[in-house]
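**Student:** Position one of the sequence shown corresponds to residue 86 (the numbering used here), numbered consecutively onward. By construction, the Cβ of each residue, glycine as well, lies at the ideal position given by its N, Cα and C atoms. This structure is in structure tokens; I'll ask about it shortly.
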Amino acid sequence: MNTPSTPRLTLVAARALQAMLRTEIGPVRWWLLLIVNGSLAPGAGGDLITYEGWGALAQPQALRPLVDKTEAYNDRAAIRLGDRESLADPIVEEAQRLLTGPWPPQG
86 MNTPSTPRLT LVAARALQAM LRTEIGPVRW WLLLIVNGSL APGAGGDLIT
136 YEGWGALAQP QALRPLVDKT EAYNDRAAIR LGDRESLADP IVEEAQRLLT
186 GPWPPQG
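Set out below in structure tokens:
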């Protein structure tokens, strides 16, 4: 069975994340920024937000489109067909949309 690997952070990114956790930014917004600026792969960032951040924010509906796009990216059929690259751009676009809206996301 081929399962997605756990995203790994570089030492620099891990230190930046630790520093960020001590500020008001919060990890989900930080991951969104990393997705948009290309420092975090869209699939890995979407997974982090889906599995680590969404529940911590009480599963706001504002994050549902990102969660859905991440699930589409991780769909076994998309993986088998090699169609994941075309599914990465919508994750980046949704991350950008979330960054331009109110934070934390409402609803």
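Counting along the chain, where does the alpha helix (DSSP H) carrying P175 start and finish?
**Tutor:** Numbered from its first residue, the sequence shown carries residue 175 at position 90. It spans R169 to T185 - the alpha helix (DSSP H) in which P175 sits, taken as one unbroken run.
**Student:** With H, G and I counted as helix, E and B as strand and the rest as coil, what does DSSP make of P127?
**Tutor:** Start at 1 with the first residue of the sequence shown, and residue 127 comes out as number 42. Helix.
**Student:** Please confirm if the stretch 128–144 is in contact with the stretch 112–120, defined as three or more CB-CB distances below 8 Å between the two stretches.
**Tutor:** In short, these stretches touch, since the Cβ pair count reaches three.
**Student:** At the level of alpha carbons, what is the spacing between P187 and A162?
**Tutor:** Counting from 1 along the sequence shown, the entry for residue 187 is found at position 102. Counting from 1 along the sequence shown, the entry for residue 162 is found at position 77. One C-alpha to the other measures close to 34 Å.
**Student:** Going straight from the alpha carbon of K154 to that of P175, what length do you get?
**Tutor:** Position 69 of the sequence shown holds residue 154. Position 90 of the sequence shown holds residue 175. Cα to Cα, K154 sits roughly 7 Å from P175.
**Student:** Below 8 Å on the Cβ atoms is my guess for E179 versus P150; work out the distance and round it to an integer in Å.
**Tutor:** Counting from one through the sequence shown, the residue named residue 179 turns up at place 94. Counting from one through the sequence shown, the residue named residue 150 turns up at place 65. The pair is a contact, with the Cβ atoms about 5 Å apart (cut-off 8 Å).
**Student:** Where does L166 land, buried or exposed, given buried means 16+ other C-beta within 10 angstroms?
**Tutor:** Locating residue 166 in the sequence shown gives position 81, counting from the first residue. Exposed.
**Student:** For Y136, does the count of other Cβ atoms within 10 angstroms reach 16, so buried, or fall short, so exposed?
**Tutor:** Within the sequence shown, the letter at position 51 stands for residue 136. It is exposed - the Cβ of Y136 has fewer than 16 other Cβ atoms within 10 Å.
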